[in-house]
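Enquirer: Under UniProt numbering, the first residue of the sequence shown carries the number 1, and numbering increases by one thereafter. No residue lacks a Cβ here, since even glycine has one placed at the ideal position from N, Cα and C.
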Amino acid sequence: MNNFPNRRQFGFTLIELLVIVAIIGILSSVIIIFLNIARNKGDDAKVKTQLSSARATAEIYYDTNKHYSPVGTIADSCSVGMFTNTTSGMSAYMNTANYPAGTTITCHHNATAGASASAYSIDAKLSTTDGGYWCIDNTGVSKRNTTVQGAGDVTCK
Numbered sequence: 001m002n003n004f005p006n007r008r009q010f011g012f013t014l015i016e017l018l019v020i021v022a023i024i025g026i027l028s029s030v031i032i033i034f035l036n037i038a039r040n041k042g043d044d045a046k047v048k049t050q051l052s053s054a055r056a057t058a059e060i061y062y063d064t065n066k067h068y069s070p071v072g073t074i075a076d077s078c079s080v081g082m083f084t085n086t087t088s089g090m091s092a093y094m095n096t097a098n099y100p101a102g103t104t105i106t107c108h109h110n111a112t113a114g115a116s117a118s119a120y121s122i123d124a125k126l127s128t129t130d131g132g133y134w135c136i137d138n139t140g141v142s143k144r145n146t147t148v149q150g151a152g153d154v155t156c157k
């Protein structure tokens, strides 16, 4: 005979354990979503900072050479003129390996067969969910655009 008729079993039922596991799963999902958002915002901040530094470097290049790219260089290429200059350090800012994964960079300047470049713009793809491109130009504009600059377009709009 049982001397303890009101004795209670200690432990959790299977239903209680499943509810706890489900709650932990939901909380983990929410945390992962917010961590990804924070990571994307951090990546975008890095792109913006890199392009801000690229603008300062471009101005140093311009002060030294009196142009952004020499006469006759290809107007919509990151592989000509100041964009490839290692002395000023501009080539490091055009190297996509120095940006978050998936970042693309587009360069424009207005050099022609008869004149050196007196203006430029640079676009970099942002990684946030709303996307877009961060654009800088030689006039000091820094802004988000929904599309990449067009061919030969040296002003961020």
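Looking at C-alpha atoms only, which residue of I105, G11, I26 and I33 is the closest neighbour of Q50?
Expert: The residue labelled residue 50 in the question sits at position 50 within the sequence shown. Closest by alpha carbon: I105.
Enquirer: Look at G131 and A75 and say whether their C-beta atoms are less than 8 angstroms apart.
Expert: Your numbering for residue 131 matches position 131 in the sequence shown. Your numbering for residue 75 matches position 75 in the sequence shown. No. Outside cutoff.
Enquirer: Can you give me the C-alpha to C-alpha distance between D137 and K66, rounded to a whole angstrom?
Expert: Here residue 137 corresponds to residue number 137 of the sequence shown, with the count starting at 1. Here residue 66 corresponds to residue number 66 of the sequence shown, with the count starting at 1. Distance between the alpha carbons of D137 and K66 is about 16 angstroms.
Enquirer: Tell me, please, which residues DSSP counts as bridged to K143.
Expert: Your numbering for residue 143 matches position 143 in the sequence shown. For K143, which the question treats as bridged, DSSP gives the partners C135.
Enquirer: Do S116 and S69 have their beta-carbon atoms positioned less than 8 angstroms apart in this structure?
Expert: Your numbering for residue 69 matches position 69 in the sequence shown. Your numbering for residue 116 matches position 116 in the sequence shown. In this structure, S116 lies closer than 8 angstroms to S69 by Cβ.
Enquirer: Taking only runs of the alpha helix (DSSP H) that begin and end inside the segment 22-95, which ones reach a length of at least 4 residues, in chain order?
Expert: Taking only runs of at least 4 residues, the alpha helix (DSSP H) segments lying wholly in the segment 22-95 are 90-94.
Enquirer: Exposed or buried, L126, counting other C-beta atoms within 10 Å across all chains shown (16 or more means buried)?
Expert: The residue you call residue 126 lines up with position 126 of the sequence shown. Buried is the call here.
Enquirer: Just mark residue 211 as buried or exposed, buried being the case when its beta carbon has 16 or more other beta carbons within 10 Å.
Expert: Nothing about residue 211 can be read from this structure; the chain reaches only from 1 to 157.
Enquirer: Quick check on N85: buried or exposed, where buried means 16 or more other Cβ atoms within 10 Å of its Cβ?
Expert: Residue 85 sits at position 85 when you count from the first residue of the sequence shown. Per the 10 Å Cβ criterion, buried.
Enquirer: Bridge partners of I105, per DSSP?
Expert: For this step, residue 105 is matched to residue 105 along the sequence shown. Answer by DSSP bridge pairing, in chain order: A124.
Enquirer: Can you check which of these residues, R39, I33 and R55, is closest to F83 by C-alpha distance?
Expert: Looking up residue 83 in the sequence shown gives position 83. Selected option, being the one with the closest Cα: R55.
Enquirer: Could you tell me whether the Cβ atoms of V71 and A111 are closer together than 8 angstroms?
Expert: One-based indexing of the sequence shown puts residue 71 at position 71. One-based indexing of the sequence shown puts residue 111 at position 111. Result yes, Cβ atoms of V71 and A111 sit closer than 8 angstroms.
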